[in-house]
Amino acid sequence: MVTRRARGFTLSELMVTVAVLAILASVAAPSFNELIANQRAKGAASDLFSSLLRTRSEAIKRNMEVSLAPATAGTAWAGGWSIAHPANAAVKLENHGAVPGATITGPAGVVFLPNGRVKGAAAPSFDVSSDGAAQHRCVSVDLSGRPYQTKLAC
1 MVTRRARGFT LSELMVTVAV LAILASVAAP SFNELIANQR AKGAASDLFS
51 SLLRTRSEAI KRNMEVSLAP ATAGTAWAGG WSIAHPANAA VKLENHGAVP
101 GATITGPAGV VFLPNGRVKG AAAPSFDVSS DGAAQHRCVS VDLSGRPYQT
151 KLAC
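Under the UniProt record's numbering, the first residue of the sequence shown is numbered 1, with each subsequent residue one higher.
Set out below in structure tokens:
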């Protein structure tokens, strides 16, 4: 009679493997949390950049002043923002929802003139960061109306 050798892992081999995986996971988890937070800040900055471009485009297209402001007047930008219709402020051309876990500081609003330039003497800028993120993003608009973003704080 031929005996067959049992195949598989012993309990001690399995426990060592699980312990090694747990150690690797605990080392990698903080890196992933920071990566996710940085991506959240980057996404919020990109959304704000896109809304600024659209606001400028609408002002040029409609040959009227168009404004971008926080969704609720007097609140923070992280609570969302909207582009108001120039002829009827109750109608919104775009509504952007809240950005959870993000902090966005900036002016009370941005108004683009019919020629695409920014109304006012100061160039608006927005500092975007996320909870747990080391990096900040800066979304700025020069006086000619062109928005741009950088990886540094404003």
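Even glycine gets a Cβ: it sits at the ideal position worked out from N, Cα and C. Model, not experiment: these values are computed from the prediction.
I need the boundaries of the beta strand (DSSP E) containing residue i, first residue and last residue.
| i | result |
| --- | --- |
| L93 | 92 to 96 |
| L68 | 66 to 70 |
| D127 | 125 to 130 |
| P147 | 147 to 150 |
| T103 | 102 to 105 |
Closer than 6 Å by C-beta to residue i: which residues in its own chain qualify, once you throw out the five before and the five after it? Chain order, please.
| i | result |
| --- | --- |
| W77 | P70, I104, G106 |
| A133 | A37, N38, A41 |
| K119 | V111, L113 |
| G80 | A71, H96, G97, A98 |
| H85 | V91, L93 |
Short of 7 Å in beta carbon distance, which residues of its chain neighbour residue i, apart from the five on each side in sequence? Order them along the chain.
| i | result |
| --- | --- |
| Q135 | N38, A41, K151 |
| Y148 | S140 |
| D131 | A37, G101 |
| A153 | D127, H136, C138 |
| G116 | R56, A59, I60, G145 |
| I83 | S51, R54, T55, E58, V66, L68, K92, L93, E94 |
Using C-beta distances below 8 Å, list every residue in its chain close to residue i, excluding the 5 sequence neighbours before and after it, in chain order.
| i | result |
| --- | --- |
| P114 | A59, I60, R62, N63, M64, E65 |
| A123 | S140, V141, D142, L143 |
| N33 | G132 |
Could you tell me which residues DSSP pairs with residue i in its beta bridges?
| i | result |
| --- | --- |
| T75 | Its beta-bridge partners do not exist; DSSP assigns none. |
| R137 | V128 |
| A84 | K92 |
| F112 | V66, V118 |
May I ask you to verify whether the region 25 to 44 touches the region 61 to 70, counting CB pairs closer than 8 Å and requiring at least 3? no
Contact between the region 90 to 99 and the region 45 to 59 is defined here as three or more beta-carbon pairs at a separation below 8 Å; is this criterion met? yes
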